[in-house]
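Structure first, commentary second.
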Amino acid sequence: MKIFAWFLGVILAALTVFMLLTAGWERPPIDSTQTGFRGTGMVEVTNPRIENPLLEAQLANVPVPTPMPPDVPGPTAGDVYQNVQLLGDLSIAQFTRLMQAWTEWVAPEQGCAHCHNLENLADDSVYTKVVSRRMLQMTQTVNVDWNDHVAQTGVTCYTCHRGKNIPERAWFNTDPSDHSGGGLLGWTAGQNQPAASVGLTSLPVDPFSDLIEGNESIRVAGRTALPEGQPIGSMQTTERTYALMVHMSEALNVNCTYCHNSRNFATWESSPVQRVLAWYGLEMTRTLNTEYVSPLSSVLPAHRLGPTGEGRKINCETCHQGVNKPLGGLAMAKDYPAHLVRTGESMSSLEAEDLEAFVKVAEDSDPVIDQ
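Using numbering that gives the first Met the number 0, you'd call the opening residue of the sequence shown number 0 and step up by one each time.
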């Protein structure tokens, strides 16, 4: 009996030593990339055994673009079809090619019937057609107005949808009544509930309603000793800000030093350029939610609405889905130039040198997976 107890003790001691020695590290090779100024210790550490399969999975199902039809004189989509409100200047061939691409990106199983009444294609009674029209305007806005975030890589419907009717990574406003906790917990203030949106932390599970749909400041400290108006720097706003930061870290699969100098998180002067890109991304997301996504709740059927009677909204994860560049930086917009001009503008307004810039960046930024 004593021998067994001694043997069991040795095993437990060995397991304890093993856990202490192996906790917090991974076997080589581990990649590291300097992201900040020299001497600041700002290094992004990645594991290619995890990163590469994740990116490979995203790129495995990317549709191959169909060849661009020649731009020849002839009747346009607006001349031939009825109720073409946004793409009437495209040729019939270009218009058909774009419709086929959208079908493959958003509704590969349902086909044209996902957005159209097949007995009358001009009819707007199918709500998804109304939504799709507004989503095209949103995509064009991103590519025209938000180059400070998406640069010349651009976005298309596929960036978010990835072959699904509804983007897999989107969020509903949470119902405040769900935060009661019940029993001995009392009011939980939307915290201490395991939610993947905030990395399963005990932080508020919905920082998005206030920070990337509402206009609350994303800060952890006020600029004055006694801030007026919003309680900036209060415990509640600080927790929401940290929850959003955790979400961004999870959505891009990066750590805090990807955007921040860990010696002084608040300073912009010694932060890497990624922090500026992230700021524009947050402003872009807030604009898209308030001007495009949220207003569409009024046309959605009941089964598409969340607990507060609103539709799904977008956040960082909607596009990024676990990589710091959506689809590893794969540029699809240059293959479908209708996404690159503002609503109501003719395709001719997209100058040749502008399109060449998109193509050049696309060639330089195609995703590279380490072997």
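Heads up, the beta-carbon is just placed ideally off N, CA and C, and yes, glycines get one too.
N-terminal and C-terminal residue of the alpha helix (DSSP H) that residue i is part of
{"i": "threonine 240", "result": "234 to 251"}
{"i": "glutamate 282", "result": "272 to 287"}
{"i": "aspartate 144", "result": "126 to 144"}
{"i": "cysteine 156", "result": "156 to 160"}
CB of residue i within 8 Å of CB of residue j, strictly
{"i": "methionine 41", "j": "proline 271", "result": "yes"}
{"i": "glutamine 102", "j": "glycine 87", "result": "The residue you asked about is not glutamine; residue 102 is threonine in the sequence shown. The answer is no: Cβ separation not under 8 Å."}
{"i": "threonine 286", "j": "cysteine 159", "result": "no"}
{"i": "leucine 210", "j": "cysteine 315", "result": "no"}
{"i": "threonine 140", "j": "histidine 338", "result": "no"}
{"i": "proline 306", "j": "aspartate 174", "result": "yes"}
{"i": "valine 253", "j": "threonine 240", "result": "no"}
{"i": "threonine 45", "j": "tryptophan 104", "result": "no"}
{"i": "valine 61", "j": "leucine 329", "result": "yes"}
{"i": "threonine 127", "j": "cysteine 114", "result": "yes"}
{"i": "valine 197", "j": "valine 245", "result": "yes"}
{"i": "tyrosine 335", "j": "alanine 106", "result": "no"}
{"i": "leucine 243", "j": "isoleucine 217", "result": "yes"}
{"i": "glutamine 57", "j": "valine 275", "result": "no"}
{"i": "serine 208", "j": "asparagine 263", "result": "no"}
{"i": "leucine 97", "j": "leucine 89", "result": "yes"}
{"i": "tyrosine 80", "j": "methionine 331", "result": "no"}
{"i": "leucine 54", "j": "glycine 327", "result": "yes"}
{"i": "proline 52", "j": "proline 28", "result": "no"}
{"i": "glutamate 215", "j": "threonine 236", "result": "yes"}
{"i": "asparagine 385", "j": "valine 125", "result": "Outside the displayed span of the chain (0 to 370) sits residue 385, for which this structure offers no information."}
{"i": "glycine 234", "j": "alanine 277", "result": "Per the sequence shown, the amino acid found at residue 234 is methionine instead of glycine. Not a contact, by the Cβ cut-off of 8 Å."}
{"i": "valine 71", "j": "glycine 77", "result": "no"}
Per-residue DSSP class, three states only, for residue i
{"i": "serine 216", "result": "coil"}
{"i": "asparagine 254", "result": "coil"}
{"i": "lysine 312", "result": "strand"}
{"i": "glutamine 33", "result": "strand"}
{"i": "serine 347", "result": "Any reading at serine 347 needs caution, since the residue's pLDDT is 44, under 50, leaving its predicted position unreliable; the model's value is listed next. In this structure, serine 347 counts as helix in the three-state DSSP scheme."}
{"i": "glutamate 362", "result": "Caution is warranted here: a pLDDT of 47 is assigned to glutamate 362, below 50, making its placement in the model unreliable, and the coordinate value is therefore given only provisionally. Glutamate 362: helix per DSSP, three-state reduction."}
{"i": "aspartate 369", "result": "Because aspartate 369 sits at a pLDDT of 37, beneath the cut-off of 50, its placement in the model cannot be relied upon, and the following sentence gives the value as read from the coordinates. Aspartate 369 falls in the coil class under three-state DSSP."}
Answer yes if the region 278 to 297 comes into contact with the region 107 to 125, meaning at least three C-beta pairs across the two stretches below 8 Å, and no otherwise.
-> With the rule of 3 Cβ pairs closer than 8 Å, the region 107 to 125 does not count as touching the region 278 to 297.
Is the number of C-beta pairs between the region 311 to 327 and the region 160 to 177 that are closer than 8 Å three or more?
-> Between the region 311 to 327 and the region 160 to 177, the count of Cβ pairs shorter than 8 Å is three or higher; the stretches touch.
Would you say the region 194 to 210 touches the region 255 to 270, given that touching needs at least three Cβ pairs under 8 Å?
-> Segments in contact, no.
Determine, using beta-carbon pairs with one atom in the region 298 to 305 and one in the region 138 to 155, whether at least three such pairs fall under 8 Å.
-> Output reads no: the region 138 to 155 does not touch the region 298 to 305.
Quick one: which unbroken alpha helix (DSSP H) runs of 4-plus residues sit fully inside the region 34 to 109? Chain order, please.
-> The region 34 to 109 is shown to contain whole alpha helix (DSSP H) runs of 4 or more residues at 47 to 59, 76 to 79 and 91 to 105, in chain order.
Taking contact to mean at least 3 C-beta pairs separated by less than 8 Å, is the region 26 to 34 in contact with the region 66 to 73?
-> Segments in contact, no.
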